[in-house]
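Just add 16 to the spot in the sequence shown (first one is 1) and you have this note's numbering.
Ideal placement from N, C-alpha and C gives every residue a C-beta, glycine not left out.
Report on the following structure.
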Amino acid sequence: MEFTKTYHELRQNFSITSADIELNEREFTFRSIPFRSNSKPIPYTRTGIYNGTDCHSFAIDDAKIEENSHFDLPVYLPNSSSKYNKAIVLLHGLNERSWHKYLPWAHSLGQKTNRPVILFPLAFHMNRGCDDWSNPRLMIPHLTNRKENKDISMATFANIALSQRLSDDPLRFFTSGKQSANDLIQLLEQINQGSFPFLEKGAQVDFFSYSIGSFLAQILFLANPNEVVSYSKLFIFCGGSLFNAMNGTSRLIMDSHAFRSLRKYYLNNFLFETRSRSPLSSFIK
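As structure tokens, this is what we get:
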């Protein structure tokens, strides 16, 4: 009962553009911290498989999606007057467009640990995606067109944007993941240098990850570039599966065609492309 009450109260008052949100004189607040991504998507040539998308935001060069480069980080603060030496980064799931369901998570984590919780959006997710992708009036015609292919199942308004983008180019799964990892490294370096609000220089940062956020966090912890997570801890929730054991087909995530395209590319074509002359191989080398 308390969870439901907190969820509705937070959802009703939360806004990603609000600089300060305090609820019913409780001793916590959400702050929005501007973040500019220094990472650039890998250049590649887009080849769409469906007609009718070339004038739509699906076809935009990823590097030109401004929302993905300049965005706000919602930060939960148990006590807005404090400076903290520890923090938690919360990573969300695949194809998420709203922070609402994560607000009680951040509240619970922050209250029980007395740490700030940084809600970090992955590339092209949450407030880093085009507004068009969440607009029913604009998306329904594309959904109708996609459903004409009888071999596609689980196509919905909720997953049409991600499904179309991954079908057009499965490499986006890698490029957006790489950018997300680079952005997390950038965030950790800012915290280590003492340039992130509310946190002391060199504050310890631990991770609470969910779903695809767990997949990204595992890779980050295994790679540990510049030892940025050497002293960090990782909690995995509903994650941990190997890529070849995943099943992403869902009305809320991606349709069957997108998932087949993803599996075919990464289990069959990805290794060949890294060895050939391509934007991906040039980037890796």
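Buried or exposed: Ala103, going by 16 or more other Cβ atoms within 10 Å of its Cβ?
As a working note, residue 103 is residue 87 in the sequence shown. Ala103 should be labelled buried.
Three-state secondary structure (DSSP) at Asn54?
As a position in the sequence shown, residue 54 is number 38, starting the count at 1. Reduced to three states, the DSSP call for Asn54 is coil.
Within this structure, are the beta carbons of Ile156 and Leu89 separated by less than 8 Å?
Reading the sequence shown from its first residue, position 140 is the one you call residue 156. Reading the sequence shown from its first residue, position 73 is the one you call residue 89. Result no, Cβ atoms of Ile156 and Leu89 do not sit closer than 8 Å.
Write down the C-beta distance between Leu138 and Leu232 rounded to the nearest angstrom, noting that I regard them as a contact closer than 8 Å.
On the sequence shown, residue 138 is found 122 positions in, with the first residue counted as 1. On the sequence shown, residue 232 is found 216 positions in, with the first residue counted as 1. 7 Å between Cβ atoms; contact.
Mark Glu43 as exposed unless 16 or more other C-beta atoms lie within 10 angstroms of its C-beta, in which case mark it buried.
For the purposes of this step, residue 43 is taken as residue 27 along the sequence shown, with counting starting at 1. Classification of Glu43: exposed, given that the 10 Å Cβ count is below 16.
Taking C-beta to C-beta, are Trp115 and Phe224 nearer than 8 Å?
Position 99 of the sequence shown, counted from the start, is the residue given in the question as residue 115. Position 208 of the sequence shown, counted from the start, is the residue given in the question as residue 224. No, the Cβ-Cβ distance between Trp115 and Phe224 is not below 8 Å.
Identify whether Asp199 lies in helix, strand or coil by the three-state DSSP scheme.
Counted from its first residue, the sequence shown places residue 199 at position 183. Three-state result, Asp199: helix.
Residues near Leu154 by beta carbon distance below 6 Å, same chain, minus five either side:
Within the sequence shown, numbered from 1, the residue matching residue 154 stands at position 138. Contacts found: Asp148.
Own chain residues within Cβ distance below 6 Å of Lys249, not counting five before or after
Residue 249 sits at position 233 when you count from the first residue of the sequence shown. Excluding residues within five positions, the ones whose Cβ falls inside 6 Å are Asp222.
Tell me, please, whether the stretch 286-298 touches the stretch 261-277 by the rule of three or more beta-carbon pairs shorter than 8 Å.
no
At what residue ranges does the stretch 119-155 contain a whole run of the beta strand (DSSP E), taking only runs of 3 or more?
Counting only runs of 3 or more, we get 133-136.
Same chain, Cβ closer than 7 Å to Gly68, neighbours up to 5 away in sequence not counted
In the sequence shown, counting from the first residue as 1, residue 68 sits at position 52. Only weak support exists for where Gly68 lies, its pLDDT of 47 falling under 50; the coordinates are left without a value.
With a CB to CB cut of under 6 Å and the five nearest residues on each side skipped, what residues in its chain are close to Asn198?
Numbered from 1 along the sequence shown, position 182 holds the residue referred to as residue 198. Same-chain partners within the cutoff: Ser55.
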